[in-house]
Every structure is written in structure tokens, then in C-alpha cells.
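Here's the structure, in C-alpha cells; my notes come after.
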Amino acid sequence: MKAATINELKLELTTIPAEQLAALCIRLAKFKKENKELLTYLLFESFDEHAYMENIKTEMQQQFEEINTSSLYFVKKSLRKILRTLSKYIRYTGSAEAEVKLILFFCTTLKSSGIPIEKNPVIKNMFNNQLKKISKAIATMHEDLQYEYAKELEQLDI
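Numbering (the working numbering), first residue to last: 1210 to 1367.
Quick look at the structure:
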């Protein structure tokens, strides 16, 4: 089955009555967990982005505390899991500022956690890739915000 383009979908959705549109959204939410999470964000949490980011930060902090530091293998695995969920939450917001704040929080938490970033090349690359993501997101922001976040980014460099 060939999927329709976004433009075609947009045109078709404008012609559908409200009840049928609601039924389609519910059916879409039933289909996949990510769709349900996105719909939950859009309906209940998108109006208060600050509280949403705070919830993500507390969840991330809890995940950092649960990291098994007995082996660097488990540390890498846990960090990948945290990054996977973080990027999913960032995708939901669609905001460059939220992306910068959340990835900065991840990097500062990682740096202050005592995990030896320098000892393992995979963890170091993971950290550096997040710094690159922050730089790209900062470049798309307003000049005043760019300056603020660039200063925070400079403090993170290894």
C-alpha cells in the first residue's frame, strides 16, 4: 500500500466532519503506543511546556540514578535508553528551545554523574554527538537565546 503525502492527507482531513475526525484520531491512538503518547501530549500537556519539561527532567534524573555502574557495558546501554526516550519526547514538542534545554540537562547530568566519559570512546562519542545536536538547535534560535545557550554549551565542553 502506497502512503499518501502530507499535503494530500491535510486536504482530506479538512473535508471530514468533526465526529469522524475524532474517531480517526482514537483509532490512530489505538494503533501504536507512540501515537497515543503524542496525542496525549498534544491534548493535555502541550499548553504547559515548562511543566512537561520538568516531568521529563525528573524522569531522566530517576533513570540516571538507576544506572548500573558495575560495568561500562551496562552504562552505555542505559545511556542509549535514556537518549532514545529523550529524543522521543523532544520530537513530541517540536521546539528547538525545549530540545536545547533537555539535551543540556542530559549532558550536565551525565557529566556530574561520575560516569567516566573519557575512558570509553562510545560514551565520549555519545556525549559529543549530543553537544553537536545542541549546536545545531541553537543555530536555529533567536540571537538572544543563542547567546545564553552558547554560554551554557561552552561550560559543558570536555
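Note that CB positions come from ideal geometry on N, CA and C, so glycine has one too.
- Judged by DSSP in its simplified three-state form, P1330 adopts helix.
- Contact between L1288 and I1332 holds, with the beta-carbon distance rounding to 7 Å and staying under 8 Å.
- When C-beta atoms of the segment 1310-1319 are compared with those of the segment 1283-1302, three or more pairs fall below 8 Å, so the two segments count as touching.
- When the beta-carbon positions are compared, M1269 and E1306 stay at least 8 Å from each other.
- Taken atom to atom, the span from the alpha-carbon of A1213 to that of K1219 is near 10 Å.
- For L1311, the number of other beta carbons within 10 angstroms of its own is at least 16, and it is reported as buried.
- Here the alpha carbon of L1252 sits roughly 29 Å from the alpha carbon of A1348.
- In this structure, the straight-line span from the alpha carbon of A1260 to that of K1211 is close to 39 Å.
- Within the segment 1247-1299, the runs of alpha helix (DSSP H) at least 4 residues long that lie entirely inside it are, in chain order, 1258-1274.
- L1247 places its beta carbon 8 Å or farther from that of Y1298.
- Shortest Cα-Cα distance from S1280 to any of E1363, A1346 and K1328 involves K1328.
- Residue range E1352 to L1365 is occupied by the alpha helix (DSSP H) that includes K1360.
- If you draw a straight line from the Cα of E1228 to the Cα of L1222, it is about 12 Å long.
- With distances taken between CA atoms, Y1282 lies nearest to I1324 out of F1314, I1324, E1263 and L1237.
- Y1358 and Q1364 have their C-alpha atoms some 10 Å from each other.
- Residue range A1227 to F1240 is occupied by the alpha helix (DSSP H) that includes K1239.
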